[in-house]
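All remarks here apply to the structure that follows.
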Amino acid sequence: MSKSSIPCTKQIQYDRQLRLWGDHGQRALESGRVCLIGANALGTEILKSLVLPGLGSFTIIDHQLVTIDDCGSNFFVHPSMIDQSRARVTCELLTQLNPDVHGIYIDKPSIDDLLQQNTFDFSQFNVVITANLSINTLNILARHLWILKIPLLVARTYGFIGTIRLQVFEHYVIEVHSDDTIPDLRLDRPLITFVNYCNSIDFKSLTREEHLHLPSIIILFKTLQLWQEQYNSKNLPQTRLEKDEFRKILDQLLHHSAYDTHDKEKLLENFEEAKRTIPSRLVKTHLPSTIKDLFQDRSCLELSHQTNLFWFVIHAIKLFTENEGQGLLPVRGEVPDMITNTISYIKILKIYQEQATKDCEIVNKYFFDLLQKYNRLPDECIIACDLVETYCKNAAFLRVLRTTAINSENYLIDETESNRSWYTCLHLCDLFYEKFRRYPGEFLSDETQFETDLIDLKQINRKLDSGKDLTSDSKQKFLEELCRYGASELHSIAALIGGCCAQEAIKLITHQYVPIDNTLVYNGIEQSINVFKL
Amino acid sequence: MFASSSTSENSNLSINSIGKLPEESSVLVVGAGGIGCELLKSLALCRFGSIGVIDLDTIEVSNLNRQFLFRREHVGQPKASVACDSIRRICPSIHIEPFHGDVLTDPRFDMSFYKQYDLVINALDNVQARQHVNRMCLLCSKPLIDSGSTGYNGQATLIFKGRTQCYDCIEKPKQQRTYAVCTIRNTPSQPIHCIVWAKFLYNQLFGDNEDPNNEDVTPDSDDPENANNELENKTNGHHRVSTRDWIHKEMEEFDPKRIFNKLFFDDIIYLTSMKNLWEKRRQPIPIEYGKACLVKEKNQNGQGDHDESTMPKITDQRIQSISDYVQMFIDSVNDLKQRSDKQREIALTTKEPTFLVWDKNDDADLRFVTASANLRAHIFGINLTSKFDVKSMAGNIIPAVATTNAIVAGITVLQARKILATLPRLSHDHTLTSINHLTNVFISTDRKTGGIIQSIPLEEPNQSCIQCSDLEQPVRVRINMSLFTVSALYERVIRNHLKMNKPDVIIADGSGRILISADDDEDEQMMLKTLDQFKLMNGTILLCEEDYADDTNAALTQNMKIKLMLEHTDTIKDIDDYIIVDGHVIGEIKQSLKRKLPDVDNDDDDDDDNIQHLDDYQNEINIVKKTKRLSTTPNEHNTNTNNNSGAIHMLR
Chain C
1 MSKSSIPCTK QIQYDRQLRL WGDHGQRALE SGRVCLIGAN ALGTEILKSL VLPGLGSFTI
61 IDHQLVTIDD CGSNFFVHPS MIDQSRARVT CELLTQLNPD VHGIYIDKPS IDDLLQQNTF
121 DFSQFNVVIT ANLSINTLNI LARHLWILKI PLLVARTYGF IGTIRLQVFE HYVIEVHSDD
181 TIPDLRLDRP LITFVNYCNS IDFKSLTREE HLHLPSIIIL FKTLQLWQEQ YNSKNLPQTR
241 LEKDEFRKIL DQLLHHSAYD THDKEKLLEN FEEAKRTIPS RLVKTHLPST IKDLFQDRSC
301 LELSHQTNLF WFVIHAIKLF TENEGQGLLP VRGEVPDMIT NTISYIKILK IYQEQATKDC
361 EIVNKYFFDL LQKYNRLPDE CIIACDLVET YCKNAAFLRV LRTTAINSEN YLIDETESNR
421 SWYTCLHLCD LFYEKFRRYP GEFLSDETQF ETDLIDLKQI NRKLDSGKDL TSDSKQKFLE
481 ELCRYGASEL HSIAALIGGC CAQEAIKLIT HQYVPIDNTL VYNGIEQSIN VFKL
Chain P
1 MFASSSTSEN SNLSINSIGK LPEESSVLVV GAGGIGCELL KSLALCRFGS IGVIDLDTIE
61 VSNLNRQFLF RREHVGQPKA SVACDSIRRI CPSIHIEPFH GDVLTDPRFD MSFYKQYDLV
121 INALDNVQAR QHVNRMCLLC SKPLIDSGST GYNGQATLIF KGRTQCYDCI EKPKQQRTYA
181 VCTIRNTPSQ PIHCIVWAKF LYNQLFGDNE DPNNEDVTPD SDDPENANNE LENKTNGHHR
241 VSTRDWIHKE MEEFDPKRIF NKLFFDDIIY LTSMKNLWEK RRQPIPIEYG KACLVKEKNQ
301 NGQGDHDEST MPKITDQRIQ SISDYVQMFI DSVNDLKQRS DKQREIALTT KEPTFLVWDK
361 NDDADLRFVT ASANLRAHIF GINLTSKFDV KSMAGNIIPA VATTNAIVAG ITVLQARKIL
421 ATLPRLSHDH TLTSINHLTN VFISTDRKTG GIIQSIPLEE PNQSCIQCSD LEQPVRVRIN
481 MSLFTVSALY ERVIRNHLKM NKPDVIIADG SGRILISADD DEDEQMMLKT LDQFKLMNGT
541 ILLCEEDYAD DTNAALTQNM KIKLMLEHTD TIKDIDDYII VDGHVIGEIK QSLKRKLPDV
601 DNDDDDDDDN IQHLDDYQNE INIVKKTKRL STTPNEHNTN TNNNSGAIHM LR
């Protein structure tokens, strides 16, 4: 069959994911810059899952040459590439996946030298990712990025175990994509324009046709007005008794003079919908605790020349809430679908949208006043203009994530969850590496060396436990198992952790969805994942 | 705890090696899409010895955001072969074989095909194919991993015949929701109703006229709600011409404006005459072509941006005005009419179909459905839907992203290795405990904390599952589906061999379709159709079910169920020929029937011979030979197939 011309290749290529993070998410991803340190199986799997959806650009830092071991687990190298620069060959194959993505590599100097020279600019990246980086280098890098406030994702696979650790000084989540959002309709604190519109509708003079298509939200509000009048209340019905009375009034409104007796026995669709939606429509409008916390955050209260624009918007919203908003956030301006005709629906939608626009303009004004007060650059203001609207719409869900620094990790905390023990035990392997320049069980010369490695590893454990020697049985087993792995890289574990890590990177780049806080451990033996805070 | 972590490509991990090594095993991957690509890569790098890949599709641009074995230059080529080529380039030593074909219908994929493999992995995107592979794996006793993903969610579940739940043990929510015909044709109330109607309309105008599922879109006066309106129906009888009949007449001079007026004016006027329907509903407002062109109104849906000035969206995501949709309708109808004519021309000289098939990725197809659905929505006062959203609603588009697929595939391959490690034990231990270290895994990567992966213990099979609870072997009949008729199936196989009188014959593909009903008289036309016209395929199981009244006690009825599996072969050229592949199953059925109904069975000696005959043949080659002989010697043929002296006389 002949096909007509394709409207936009990019739109089609990314169609399936646009449905997850939208155009603006895609735009953010397309301008995203990622640095990967370590072009091993894990590293290339992470980049693969970022290049395919259309990341802006990536930089691979890796000074190693391709070995035969790489060919066994890394999809982006080939036996014919042995002894070539691993950064170069993987960079070439990865960019082939998606011509829209720009990839560069650095194979000289090594990451250690780069860090020592301190001339390489890591602040150009949205996120830096390490794959199986040794502990010494990681510590230096982590400290460096903490100061630069650049997010760091530390990914690792070790036999059947995989881990991801996120270090981020401050990350803003703009769109949480929560499943359980209650529409922002404010029937208890109604918009004046909405009240006026409702008051203009007189139930008694409605035609049969109009009555049939009265939107459920108006039915609910009319009922509420009558109920409040009857009970001399300004609140929503709360007790069971009050709610029953409310329903009774609703039932009375259902009758219309133009209906015959036959009609009265049937339930009308719009009234049915009104009844069904009582739990989600008749809710108290309040200031969510998440945004309250942000209002009280030091960064919000103490704005300065350096403060991120995020806090300027938060402060502007705070000013709105304290003044015009009368304790509430800007109106979201969205109206859920309801059974009614087009004209009525648009009428209501317009009421909420107009209010949302008005509220947003006020926030915008506060925002610009603040920017001026703190001498922020005018070009920043232009970028920020779009932001305010998105922020206002998502005000109830805005969040800030701050993790601990990797260098402050405390391995002594004894763990209850088994998967957390794996993380601790991996740290012991790192200490082993520091001492012997190889991982326990790696490069075995003979069977007996496995035993000596295990003994050495246990020794390190005892030292760390400050000589208590109270190592549990399970921990003994863990150490034995890790020793058996010998730091081997399994492709299926690399693929899985690669996918998880890329997903976290996308969350960080798009500011959509909430990233992990802050450590993830995957256990391939039991097929389980735990996330915990370090 | 660590027993499962036994086999690996790395020497460090294979110390406690037991079970089958990946290098020695063969895996069948069904589907080379998002998860399929990831699976093939992981299986290859985990050094699986031999891999088979089935995929029906060719590569599309929208695959490229995750199906990394394909590039832009591959668009249009078969997925299976391109995927295998890409894998071979990285792992030259691997044995990997592509099969470009439909797992549901391709005769290559019979039981012996599945039996070559140690393990089957589903990486499919639809329920029907999943159910089919599930059935085949149950029949062949092959372990199956069913993997899948939707947006941020995914799963890898294990299916072992008789030990775990099979794919059909839990009823699946219908992937493609069906709507009442009356809602679609008469009383739509949601955008989706209009979209479904528009897709029906497409098929009426340009689709397969022979397809019995091609639904009419004209007002349906049989609407139960319209019961009191009979008089009116009669007076308006002339309106009951279906769109298809009407269009056949119209196609000659083909005037899109006239089609517009018929659909959006005449039909709507007729609908409004069915007064009962509009008692508590808003009556639709018919709109004529001339007037519709002037409607600049935009009727908007509830989500997203609404103020155009702040709407940086792509045109496809925008709601357009009614007049725009009128233009879109006229343009797309013209485009499609042209294409339809061309298609008919092409069909004269090629094997291509004479009709068009709706495709969500085709722009004209999508414009037609978007325009028609929105015009109808306007008439019924329903919110309009953007082209972008129509595409996802009409095309059942499932969001997909590379990250989720990578995670699902990583888990699936690990599961595969664990199963292989367990295989030797499985052969002599048939309990769930032999595999209870394995789990079903569900993932959702958008979660805030924890729970990204959940391991759920395997569950025992559902006792009443139609697919796996009854582990009796089906009677396998080998036929040529494009020659064998329903009538032959009924007379020769069901009545003659299965000795059933007038059973319900249900197509056990999850659709619940009934091929032959015990209660109704057969439609002669229908009986003369060949089996492939019912979209029955290789491996389809028919469930023949009949109740027998007990002569001595009317209150007692015996229920008899026999499974019949259809196997397609092109080698049979005679329309009446068929082969009962494993005759001993019939013998067993007969024995059980004797136990159930001791009275009805006596004078069956010669027929017994007949069955015994088949029973003697241990392998299929002999049976094929016999058929060949039968087909060339009409006498013997007759004795075999027309032997109606039933072994067991059924009570009429």
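Residue numbers (the UniProt record's numbering), protein chains in the order written: chain C, 1 to 534; chain P, 1 to 652. For each residue, glycine too, the CB sits at the ideal point set by N, CA and C. Everything numeric in this text was worked out from a predicted model, so none of it was measured.
T58(P) - partner residues in DSSP beta bridges:
P78(P)
By the criterion of Cβ-Cβ separation under 7 Å, what are the contact partners of Q13(C) in chain P?
V61, S62, L64, N65
Please tell me whether I529(C) has its Cβ less than 8 Å away from any Cβ of chain P.
yes
Figure out for me which residue from P503(P), L515(P), R513(P), I575(P) has the closest Cα to the Cα of I562(P).
P503(P)
May I have the straight-line CA-CA distance separating T385(P) from T44(C), to the nearest angstrom?
40 Å
Classification of D70(C) by the beta-carbon crowding that lies within 10 angstroms, buried from 16 upward:
buried
Report buried or exposed for D519(P), applying the criterion of at least 16 other Cβ atoms within 10 angstroms of its Cβ.
exposed
For Q284(C), tell me which candidate among K243(C), I249(C), D184(C) has the shortest Cα-Cα distance.
Sequence check: residue 284(C) is Lys here, not Gln. For the residues K243(C), I249(C), D184(C), the minimum Cα distance to K284(C) belongs to D184(C).
Contact check, P22(P) vs C46(P), beta carbons under 8 Å
yes
Following the continuous alpha helix (DSSP H) through L401(C), name the residue where it begins and the one where it ends.
Where L401(C) is concerned, there is no enclosing alpha helix (DSSP H), although the beta strand (DSSP E) it sits in stretches over 399 to 401.
Along chain C, which residues have their Cβ under 7 Å away from the Cβ of K115(P)?
Within chain C, no residue comes near K115(P); the closest Cβ sits about 26 Å away, beyond 7 Å.
Would you mind telling me which residues of chain P sit closer than 8 Å to I493(C), beta carbon to beta carbon, in chain order?
G410, L414
Any idea what DSSP makes of E38(P), helix, strand or coil?
helix
Are at least three pairs of beta-carbons, each pair with one atom in the segment 117 to 135 of chain C and one in the segment 500 to 509 of chain C, less than 8 Å apart?
yes
So, for Q476(C): in the same chain, excluding its five sequence neighbours on each side, which residues have a beta-carbon less than 8 Å away from its beta-carbon?
K458
Where does G154(P) land, buried or exposed, given buried means 16+ other C-beta within 10 angstroms?
buried
According to DSSP, simplified to helix, strand and coil, what is K10(C)?
helix
What residues are listed by DSSP as bridge partners for R33(C)?
S57(C)
Inspect the beta-carbon positions of R478(P) and V581(P) and report whether they are closer than 8 Å.
yes
Count the other CB atoms within 10 Å of the CB of T150(P); is the residue buried (16 or more) or exposed (fewer)?
exposed
Quick check on DSSP: helix, strand or coil for A131(C)?
strand
Neighbourhood of N405(P) by C-beta, 6 Å cutoff - its chain only, sequence neighbours within 5 removed:
G34, I35, E38, R66, S149
Where the alpha helix (DSSP H) through A41(C) begins and ends:
41 to 51
In angstroms with no decimal places, state the Cα-to-Cα distance between L566(P) and K79(P).
28 Å
Consider the Cβ of N622(P): report whether some Cβ of chain C lies at a distance smaller than 8 Å.
In this prediction, N622(P) scores a pLDDT of 36, lower than 50, which makes its location untrustworthy; the coordinate-derived value is nonetheless stated afterwards. No, because no Cβ of chain C sits closer than 8 Å to the Cβ of N622(P).
Contact between the segment 43 to 60 of chain P and the segment 70 to 79 of chain P: three or more CB pairs below 8 Å?
yes
Please name the residue, chosen from Q13(C), R281(C), V51(C), V176(C), that lies closest to T390(C) on a Cα-to-Cα basis.
V176(C)
Curious, which full-length alpha helix (DSSP H) runs of at least 4 residues does the segment 154 to 210 of chain C contain?
192 to 199
Between the segment 47 to 64 of chain C and chain A, which residues of the former have a C-beta closer than 9 Å to a C-beta of the latter?
Of the chains in the structure shown, none is chain A; the protein chains are C and P.
Residue environment, D251(C), which counts as buried when at least 16 other CB atoms sit within 10 Å:
exposed
I want to see whether chain C comes within less than 8 Å of P399(P), judged by CB atoms only; does it?
yes
Can you list, in chain order, the residues of its chain with a C-beta nearer than 7 Å to that of V82(P)? Leave out the 5 residues immediately preceding and following it.
I59, L69, F70, H74
Comparing the C-beta of R376(P) with each C-beta of chain C, is any distance below 8 Å?
no
What residues match up with A156(P) in a beta bridge as DSSP calls it?
S147(P), V441(P)
With DSSP as the reference, identify every bridge partner of Q512(C), one or two as the case may be.
E175(C)
Can you find a C-beta in chain P that's less than 8 Å from the C-beta of G499(C)?
yes
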